[in-house]
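S.K.: So the protein sequences, as listed, match chains A and B.
Heads up: the first sequence is residues 1 to 493, going by our numbering.
Heads up: the second sequence is residues 1001 to 1074, going by our numbering.
Cβ coordinates follow ideal geometry from the N, Cα and C atoms, glycine included.
The following block contains the structure, expressed as structure tokens.
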Amino acid sequence: MHADLIGFGAIVLIAGLVARAGRRVGLPSIPFYMLTGIVLGPATPGPVLIEHPEDLALLAAIGLVLLLFNLGVEFPVQQVFGSGKRLFIAAGCSIGLNVGAGLAFGFSLGWGTSEAFVIAGALGISSSAIATKLLIELRRLANAETPIILGIIVIEDLFLAFYLALLSPILAGASSPAEIAMHIGMSFGYLLLLVVVAKWGARAVGWLIGSHEDELLVIGMVGLVVLVAGLSAEVGVSDAIGALMIGLVVARTAVRERVERLVLPLRDVFAAIFFVAFGLSIDVGAFGSVAGPVAIAVLITIVANIGSGLITGSLFGFNQRGASNVGLTVLGRGEFSLILATLALAAGLNPRIGPFVALYVLILAVLSPMLAAQSRYLARVIPDQFLRSRWRYVREETMSTACSHTDRIHITETDAESCFQCVEAGDGWEHLRLCLTCGAVGCCDDSANKHATAHFEETGHPLIRSLEPGEDWRYCYLDGALVREPIGAHPTG
Amino acid sequence: MGQGVHVQELPGIGKRYDIDLGHGGDRVSVVVRRDGTRDLYVFTARSDEPTAVIELSEEQSRKVGAVLSGTFFA
Chain A
1 MHADLIGFGA
11 IVLIAGLVAR
21 AGRRVGLPSI
31 PFYMLTGIVL
41 GPATPGPVLI
51 EHPEDLALLA
61 AIGLVLLLFN
71 LGVEFPVQQV
81 FGSGKRLFIA
91 AGCSIGLNVG
101 AGLAFGFSLG
111 WGTSEAFVIA
121 GALGISSSAI
131 ATKLLIELRR
141 LANAETPIIL
151 GIIVIEDLFL
161 AFYLALLSPI
171 LAGASSPAEI
181 AMHIGMSFGY
191 LLLLVVVAKW
201 GARAVGWLIG
211 SHEDELLVIG
221 MVGLVVLVAG
231 LSAEVGVSDA
241 IGALMIGLVV
251 ARTAVRERVE
261 RLVLPLRDVF
271 AAIFFVAFGL
281 SIDVGAFGSV
291 AGPVAIAVLI
301 TIVANIGSGL
311 ITGSLFGFNQ
321 RGASNVGLTV
331 LGRGEFSLIL
341 ATLALAAGLN
351 PRIGPFVALY
361 VLILAVLSPM
371 LAAQSRYLAR
381 VIPDQFLRSR
391 WRYVREETMS
401 TACSHTDRIH
411 ITETDAESCF
421 QCVEAGDGWE
431 HLRLCLTCGA
441 VGCCDDSANK
451 HATAHFEETG
461 HPLIRSLEPG
471 EDWRYCYLDG
481 ALVREPIGAH
491 PTG
Chain B
1001 MGQGVHVQEL
1011 PGIGKRYDID
1021 LGHGGDRVSV
1031 VVRRDGTRDL
1041 YVFTARSDEP
1051 TAVIELSEEQ
1061 SRKVGAVLSG
1071 TFFA
């Protein structure tokens, strides 16, 4: 027994230290937990801390359950459903492109139909944890595209629940069409049941686990969640869905905020064990045989996300910088890909999925923070016609919704077709700008006289907009940034 | 919210409050995360990148807030 404790303690401590070293240089922690498991596992030559990965099976399963439970509890239902149709279209395009490309790739690998569906999910659903941390670390919380990126990854999380339900016949090993239909029907029926519980039974659930003492609340919570997850698996729906849905139920109870706070440290510990345990089962020698497919998969993911970034950009009227930030921030893959791989391996699908997903997650973990930080270079090469507006001068500028001068907008339209001061002086101009405070029209900074900027320096009127046909940007001189209307303020905009 | 303060939801993170400081385009954005952590973004005029970003725990932000609001004295 004590030998087990030594091995377990050592590997968790090492995983923590390795992840901490990775965080120093801005890399996400999930892949490092996994890497620790791979390097110190029995399948890889060198020191072995845990001889039998299956010893960790229960702890790892609790990690998976708590990960999804936490996702359900924290799911910002109102924020997402209040943010309008455009966000859902953007998220739908992003999911469609990513999962669709993943599915095509999965089939072309020829590992089997079930395997193709698992790979589509593993490639298609980005890691919320990695994307959120990136936005905080890259100091982009005030950018215009940030609420959209967050909205998209939250909707992806919701999509995960449906995808898991769709996958359930595959993971349960159904073979005939009737069996498949029955499994899918059962999964969705189960989802529906839990939705009903969420709507009308939340009070009862709150009563069941809701103690005034944190100690008793957290014990009731863990018991209930693991039990529901287990029962879900028992009736042929995956434990992952059960955990996610019970999270949504608990989110509607009065104890939500306390649960949110209490589950976090538990989730962090058990999820780390889950990632380590996944790594333990990976044979480093198998990486060679999947290296080619992984390289293609990484390329596909990058292309698909840049594509969905462009779609989102044109839907929301972002410039090149905004669009490339959208595409490159959501590249990270982590918890969901590993969850899907774990479920697939447990269902006895092609064992190559393990090393394939492991290597894929590792490579993107290193690539995605680098690419996201360098998004301005991508912005430089995106042609204007891919986005709705021709952002000729402003394609690399950061866009912001944090401009606090929009109360000084009084005029947004004008009939003027010339720069009055240039006409008087007999000069020409390139483009026209409209002062949104007083309606004065002046020429742009590429023109010889720069009358628009001169007008700002004279009057202090902060905001201008372009009068060029097809351009719809606003610029704030005081903030030095492009300005968007906050989402939700003008849903039709 | 009062004049010059703009609130925006950040799904999954929390809420952002943009506060106009009036003179010459200096502004402060405060992100209140759901776990209580606050990110303080300070922007000065003529730059779209923040000049300073600081992450405060709930405890720290209470301390800073008390001093800023003048309720703390020693």
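1) At a cut-off of 8 Å, would you count Gln78 (chain A) as near the ligand COA, judging by its Cβ distance to the nearest heavy atom?
2) Where in the region 189-251 of chain A do unbroken runs of the alpha helix (DSSP H), each at least 4 residues long, occur, reported from the N-terminal end onward?
3) Report yes or no: is there a C-beta of chain B within less than 9 Å of the C-beta of Pro31 (chain A)?
4) Which one or two residues does DSSP pair with Met506 (chain A) in a beta bridge?
5) Going by C-alpha distance, which of A:Asn70, A:Ser375, A:Val366, A:Ser418 is nearest Val514 (chain A)?
6) Alpha carbons only, please: which of A:Arg23, A:His461, A:Leu67, A:Tyr477 is nearest the one belonging to Val226 (chain A)?
7) Buried or exposed for His212 (chain A), going by 16 or more other Cβ atoms inside 10 Å?
8) Got a sec, what are the start and stop residues for the beta strand (DSSP E) Ser1029 (chain B) sits in?
9) For Ala347 (chain A), which option in A:Ser114, A:Ile89, A:Gly151, A:Leu171 has the closest C-alpha, if you only look at C-alpha atoms?
10) Counting only beta-carbon separations shorter than 9 Å, does Leu216 (chain A) have a partner in chain B?
11) Do you know whose CA, among A:Cys438, A:Glu260, A:Phe8, A:Asp446, lies nearest Glu458 (chain A)'s CA?
12) At a Cβ cut of 8 Å, what residues of the region 66-80 of chain A count as close to chain B, listed as they run along the chain?
13) Between A:Leu97, A:Asp239, A:Ser324, A:Asp415, which has its C-alpha nearest Ala229 (chain A)'s C-alpha?
14) Determine the DSSP secondary structure at Gly1014 (chain B), reduced to helix, strand or coil.
15) Please give me, in chain order, every unbroken run of the alpha helix (DSSP H) with length at least 4 that falls completely inside the region 281-332 of chain A.
16) Interface residues of chain A around Glu1059 (chain B) at Cβ under 8 Å?
17) When we look at the beta-carbon of Met370 (chain A) and count the other beta-carbons within 10 Å, is it buried (16 or more) or exposed?
18) By the criterion of Cβ-Cβ separation under 8 Å, what are the contact partners of Phe147 (chain A) in chain B?
19) Rounding to the nearest angstrom, what Cα-Cα distance links Leu387 (chain A) and Asp283 (chain A) in this structure?
20) Using a C-beta to C-beta distance shorter than 8 Å, which residues of chain B count as neighbours of Ser128 (chain A)?
21) Considering only residues of the same chain and omitting the five flanking positions on each side of Ala425 (chain A), which have a CB-CB separation below 8 Å?
22) If you run the structure through DSSP and keep just helix, strand and coil, what is Ala379 (chain A)?
23) Would you check if there are 3 or more beta carbon pairs closer than 8 Å linking the region 17-35 of chain A to the region 329-346 of chain A?
24) Starting from Cys476 (chain A), trace the beta strand (DSSP E) both ways and give me its first and last residue.
M.R.: The short version:
1) The model depicted lacks the ligand COA and carries no ligand whatsoever.
2) 202-209, 214-234, 239-250
3) no
4) It is not possible to answer for residue 506 (chain A), since the shown part of chain A is limited to 1 through 493.
5) Lying outside 1 to 493, the shown extent of chain A, residue 514 (chain A) is not represented and no answer is given.
6) A:Leu67
7) exposed
8) 1027-1033
9) A:Leu171
10) no
11) A:Cys438
12) Glu74, Pro76, Gln79, Val80
13) A:Asp239
14) strand
15) 287-316, 320-329
16) Result: empty, since nearest Cβ-Cβ is about 14 Å, beyond 8 Å.
17) exposed
18) Here residue 147 (chain A) turns out to be Pro, not Phe, going by the sequence shown. Correct list: Gln1008, Glu1009, Leu1010, Pro1011.
19) 45 Å
20) Gly1012
21) Asn449
22) helix
23) yes
24) 474-476
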